[in-house]
Amino acid sequence: MKLSRSLLFMLLGLALTMGVVDVQAQGTRASISGTVVDEEGEPLPGANVIAVHEPSGTQYGASSQSNGRYNLRGLRVGGPYTVTASFVGYRPLEETDINLQLGQDLTLNFDMVPESAELEEVRVVGERSSVISSDRTGASRNVSQEEIERLPTINRSLTDFARLIPQSGGGNSLGGRNGRYNKIQVDGATLDDVFGLGDAVPGSQAGAEPISLDAIEEFNVDIAPYDVRSSGFTGGQINAITKSGTNEFSGSLRTIYRDEEFTGDLDGVGTGEFQEQYYVGTLGGPIIEDKLFFFVNGEFRRQSSPLDTQVGDVSGPNTFQVGSGTLNSINESRGSSIGSTSELLNQIQNIAQNQYGFAPGGISPLSQEQNNEKFLAKIDWNITNNHRLTARHNYVNAGDDSGLGRGRNSFDFANRQYVFNSVQNSSTLQLNSTIGDNMFNEARVVYTRIRDERDVQDLLWPDTQIDLNGTQSVNMGIGRFNQANRLDQDIWEITNDFTFTQGDHTLTIGTNNEIFSFSNLFIQDAVGSYTFRGFEYENEAGETVAVDPLTAFERGQPSSYQLSYSLLDGEPQPEAEFTGMQFGLYVQDEWNATNDLTLTAGLRADMPILPDEPRDNPDARDAFGRSTTNVASGNLLWSPRVGFNYANNFFGDGLETQIRGGTGIFSGRPPFVWISNQYSNTGVDFARLDVNFNPGEDFVDGSGSYEETISCFAGSGDPRAHPRPGDCPGLDPITTTEINLLDDDFKYPQTWRSNLAIDQDLPFGFIATAEALYSNSRNEVVFENINLEQSTTSAYGRPIYAENGEVSAFGSDRNLVDDRFTDALLLKNSDKGYEYSLTGQIQRRVPNGLSGSLSYTYSRAENVNNGTSSRAISNWQFNENVDVNNPDIGTADFERRHRVLLNLDYRIEYLERFATSIGLIYEGRSGTPFSWIYAGDANGDGESFNDLVYVPENENDVVLLSDNWELMDAFIESEDGLNEFRGEFADRNSARDPWENILDLRVNQQIATFQGQRLEVTAVVENVLNLLNDDWGEIQFSGFNNNNAWSVAEDPESGGAYVEARDVGREIGGRLLTQDDVGKPFIEFDEGTVRDRITEDFLETSNIASRWRLQLGVRYIF
């Protein structure tokens, strides 16, 4: 009943709002408002105010109300505008050269005087600054078209400019949260990666941006917009609009180029050959003057990057070379005479071809291409002065050669490569209507279609790894995660807002509705994964015989084998197909309480609905009392918000002071891949084989002797051809499986965010800002493995999940609730977590001359789970904590505790025909945080990368098998992330990578040609510091955001990982064990840890970001 009543409520509300059709939801336009008064300050009702967008001739008009207030809504962004106010008997007033930013509500007040008045008495009073503006409340940053053109970017990405807001954390993180919780929209259409497999935007898995940067007019980066029309995020929002045509034909042609010669060396090593080139064009103009306009954009990107790893007989950084010891061992086993790495690879090729009929591809160097095309077309139609229609379509087609890797220790044959294809179509239809003098309506319908797939069908063959010596391997076939992997997304959005003014109040009633349809095919090991290693067996004469990995491959006798296969009749490859819907209703009042104070209050209700149920697994209900069919649909999300803006000339010097802020709840959504996991992991869709063979013992004949003719390998791309239980020795049925579940009360993520800021006008156009931002998590997403049951507790207080409490450092028998399942991952909520930031900033923004901003931000961010993976099992198992099933909050991966941001933009015009602009961005920030963990499994949960270390207080607080306490103690003393936690567990992300300094530069040289046309030559340099000095600009980080401090070890006597009662009285590490040591783990501390920390060898260096990179471009504007 809860769902049906709530759904009825939402649909009724939708019907009511659709009756008045409107959609400004989250803003694609701008507005002008103010008052018209006489010389005594009394309101003039009925005054006419007309704004004309000069480039297109578009007119917007309104009459003032009884209180003299007027509102012009739905204005095109940009300008210049001419605004005129007129009233019978009074001199008309005109304000020119007005430019509007996206979402801006410009205040323009007209003080009218009689026609007989002297000219100097005429006054128009208004705000021209986008910073000191009555529409501003929370943290926000507008990025203008000029900044897009003048500031440095090589990737040509919207997210490159998101770093301009001080509360950005680098990458895609905004407000200290995972970039998956951001929202990106263009012309009101959702353009973020709602499913959550890519890097924030659709097409990113194929290396593409979702729209050409040349098509963007401008955009806003918002973290705390207290307008209830903004929703769908708990991180931040990027809201962009595209360009439109005008009454003048105009366009541009651009080409951009870079290659390996434009990239610096790292430790004396270049990047290898590559080429990247863009070809971009725009064209806009009138179809019917003042009435109908068009704009089109096209962009082609071509990138070729050779895989330059060579096959050789001399070791080198880009050489795959197998040592003579390995070759001799193989030759001795096979009776062959392989003399080089090339001959070895040719031998493997021959086995694949002759034995299994598969051509794995060549071994010569080859190039990988990453190409994409983008097209955008837009029509703007001024139907009348009161009704305007916009239609826009954006198309992206991207392909990326993927799946192939070659290095010193791994070599892939050419046919392992596939093409990742991503095709996106997004269409928007928007109608803006002015109704009378005080009502405005904006309606939008959006349809987006995205198709992502791996083109592997002609190459499909099992993932086959030949392990040559435990370090080096040769691989062929399609990788295990790419054999059946496809995603279809269809997204509908209907947004409808109705806005009207009544006195000093502007009321908005609206609805925002989204329908997501997904079809996700993901089957790991769909055609099998095999690993072949050398092994030994004992022959009938009692002699030990060695079998090399090539021979094992030739005989089809793997050491490990994985396969997933369908249990559903007629569905050989079941897909996760489901629909997600979210209906939103909201109401808001913006009250101009005084000329200086604006108050905003609103309430929003969103209802996520998942009408499709996953398949039922009765065993799950029996084991856990939970149904796999539950999707927690219909749980309502309330989002109340209030905001304020107060501006006054407190000091009487014409320099305005603005105080602004607000508080309220923002509702987002989880990546839908987390929801999809419930549909694809029910335990009744697939059976899974994950077998480790001992070939010398498992492949035996009836007499119990090893038989070389027994095979457990199918060299086929047909899933049905691969061995199933009973098809070969040692391949027993596996009855356990993983399931994913949703908690009954699961809700989409929310955050309660509060903001307070002061902006102060300063002389010479400078503005100083002090801003505080605080967010408290609500409905944070957390993962629990409910099939694990705690068996005991360690002496340090860590919960133990091993069966009978018997932990093994290298793989324990887990204490399972029900052994019919391996893992049962429950997706649930937590209210733990927060983010806050304190920012000081000074900025200056002018069209010509020196503009820029300098800011310092101190931030803290803590959460219970970073949510960086698409799989529930990964989000659970790689979440470093003391109790993996009851995680406490810890520093978020996305926290940049200290951040200094400087951006400068200088433009000068000279000699009539020339102009030069220089733009730079400097970012100095704290390194990424990382955790100190144990090497090995400290709690018996079967995972080795999630156990935070206990930091011993003294020598008697640790059982040290390695007997080197002095060294360990000195190491702890030297590490703040360890030393401050003496006698307790280290916090998650208690340590931090080195400080990062990033300086990027862009230089534009413009040359006027004729009739207003011009030529531009552009150079962009990223990581200028590395260009100045080879030792500067390096970005270092810890892999997987953790490092091993010391190891959980196995007792050489008992084989256990923890001290037991029987060990009391033993001498370990130079001391006798006491009763207090029972339940403590055995520890080994490697002196190499100290060495690696001193030399920073434990850190990885970013191969690309640590090099200087140059990009050159030429553009002709006409």
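All the letters of the sequence shown, read from the start, carry residue numbers -25 to -1, 1 to 1093 under mature numbering (1 follows the signal peptide of the UniProt record, and there is no 0).
Idealized CB from N, CA, C, for every residue including glycine.
- In this structure, TYR232 places its C-beta atom within 8 Å of the C-beta atom of LEU1087.
- In this structure, PHE920 places its C-beta atom within 8 Å of the C-beta atom of PHE1015.
- In this structure, SER179 keeps its C-beta atom at 8 Å or more from the C-beta atom of ASP167.
- Looking from the CA of SER892, the closest CA among PHE739, LYS218, ARG977 and VAL63 belongs to ARG977.
- For a cut-off of 8 Å, the C-beta gap from TYR681 to PHE688 is around 16 Å, too long to register as a contact.
- Relative to LEU77, the option among ASP86, LEU319, ARG111 and THR71 whose CA is nearest is ARG111.
- In this chain, the alpha helix (DSSP H) harbouring TRP851 covers 847 to 852.
- By the Cβ neighbour-count rule, VAL1023 is buried, with 16 or more other Cβ atoms within 10 Å of its own.
- THR423 is positioned such that its CB atom lies no closer than 8 Å to that of ARG367.
- Counting C-beta pairs with one atom in each stretch, the stretch 240 to 259 and the stretch 269 to 286 have three or more that are closer than 8 Å, which means they touch.
- For PHE599, the enclosing alpha helix (DSSP H) starts and ends at 593 to 599.
- For ASP798, the number of other beta carbons within 10 angstroms of its own is at least 16, and it is reported as buried.
- One thing to note: LEU50 has its Cβ no nearer than 8 Å to the Cβ of VAL24.
- In the structure shown, ASP734 falls within a strand segment according to DSSP collapsed to helix, strand and coil.
- Shown here, LEU542 sits in coil according to DSSP, grouped into three states, outside any helix or strand.
- Under DSSP, the beta-bridge partners assigned to HIS28 are THR33 and TYR56.
- A straight-line Cα-Cα distance of about 14 Å links ARG204 and GLU489.
- Bridge pairing for HIS480: GLN477 and TRP566 [DSSP].
- Relative to ARG616, the option among THR603, ILE634, PRO586 and TYR561 whose CA is nearest is TYR561.
- Contact between GLY1044 and TRP940 holds, since their C-beta atoms are separated by about 7 Å, short of 8 Å.
- PRO18 is bridged by DSSP to VAL12.
- ARG663 and THR712 have their C-alpha atoms some 7 Å from each other.
- Note that the C-beta distance between ILE848 and LEU829 is not below 8 Å.
- Counting other Cβ atoms within 10 Å of its Cβ, PHE905 reaches 16 or more and is therefore classed as buried.
- Contact between TRP907 and SER812 is ruled out by a C-beta separation of about 26 Å, above the 8 Å threshold.
- Unbroken beta strand (DSSP E) runs of no fewer than 3 residues, entirely contained in the stretch 688 to 751, are found at 712 to 717 and 725 to 736, following chain order.
- In this structure, LEU435 places its C-beta atom within 8 Å of the C-beta atom of GLN458.
- Residue pairing from DSSP places THR554 in a beta bridge opposite SER492.
- Only residues of its own chain outside the window of five on either side were considered, and among them SER534 and SER535 have a CB closer than 8 Å to the CB of ASN667, listed in chain order.
- Contact between the stretch 949 to 961 and the stretch 923 to 935 is present: three or more C-beta pairs spanning the two stretches fall below 8 Å.
- With contact defined as three or more Cβ pairs closer than 8 Å, the stretch 586 to 600 and the stretch 617 to 627 are not in contact.
- The criterion of a C-beta distance shorter than 8 Å is not satisfied by GLN633 and ASP479.
- LEU763 is positioned such that its CB atom lies closer than 8 Å to that of ASN860.
- When the five nearest sequence neighbours on each side are left out, the beta carbons in the same chain lying within less than 7 Å of the beta carbon of GLN328 are those of ALA334, in order along the chain.
- The three-state reading of DSSP puts PRO969 in coil, since its state is none of H, G, I, E or B.
- Note that the C-beta distance between ASN413 and GLN40 is below 8 Å.
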